[in-house]
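In short: position in the sequence shown from 1, add 38, done, that's our numbering.
Glycine included, C-beta positions come from ideal geometry on N, C-alpha and C.
Given the structure is predicted, the values throughout are model-derived calculations rather than measurements.
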Amino acid sequence: MVNYGQETERTYERAGFGAPVRRGSRPAILVVDLTRGFTEDGFPSGADLSEVVESVGELIASGRPADVPVIFTAIAYTPAEAAGDAVTWLHKAQGMRSLVEGSDEVALDPRLPCEPQDLMVVKKGASAFFGTSLAALLTGLGRDTVLVCGATTSGCVRATAVDAVQSGFSVLVPRECVGDRAAGPHEASLFDIQAKYGDVIGLKEATAYLDALPGRNA
């Protein structure tokens, strides 16, 4: 991550930010909006996130032997929502009006290792928790920690990390597993998440955490 200088570090340390989060023994992997509309640069809202998709696939593979639940999310609007005034966010983010139910943009990236037992949450806003049953779903699964992956770091990933910790879940963000359209917002959001909401860790540390889970299948 970007180093913002000693003065910034001292300010945040004095404020009591940046302490490590608890790492529970019952994690879930939450893959935020790695749909084609975000992972392919041919779409208005997209960028080439091939490396992020590959890293998320590696993370998911590490969690499978321990039966770690995988939850995918997608933003999808009805034609009326996409074209009308009902969703205020779309007045600000006009490019997302193309994320219409049933379109190529809202399909999961086909390179992701999605299995029949994996879950899907469809959302209308930035956070995967807002207006959805995600918190109840994680509670029903007995989860205590969420590894947040996906796109974009400065938008839906950050919003989801904030709501995850506010909902009582420890948050881990593997840095190789999140991406954005531009480096500046990406790095600033990783700094913010690390300071206030979760631990930004490397993919190697994340897979080691999953490899060490109790009850892992042989």
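Item, Value
"Go to G222, then tell me how far its alpha helix (DSSP H) extends in each direction, as first and last residue.", "A221 to K234"
"Quick one: any contact between the stretch 63-70 and the stretch 100-110, if contact means 3 or more CB pairs under 8 Å?", "yes"
"Kindly identify the DSSP beta-bridge partner or partners of F110.", "V69 and M158"
"Where do the N-terminal and C-terminal ends of the alpha helix (DSSP H) with A85 fall, by residue?", "Per DSSP, A85 belongs to no alpha helix (DSSP H) and is neither H nor E."
"Does DSSP put L185 in a helix, in a strand, or in coil?", "strand"
"Would you say A226 faces chain D, with C-beta separation under 8 Å as the test?", "The structure shown contains no chain D, having only a single protein chain."
"Under 8 Å, do V200 and Y235 count as touching if we go by C-beta distance?", "yes"
"Have a look at the DSSP bridge pairing and note the partners of I98.", "For I98, which the question treats as bridged, DSSP gives no partner whatsoever."
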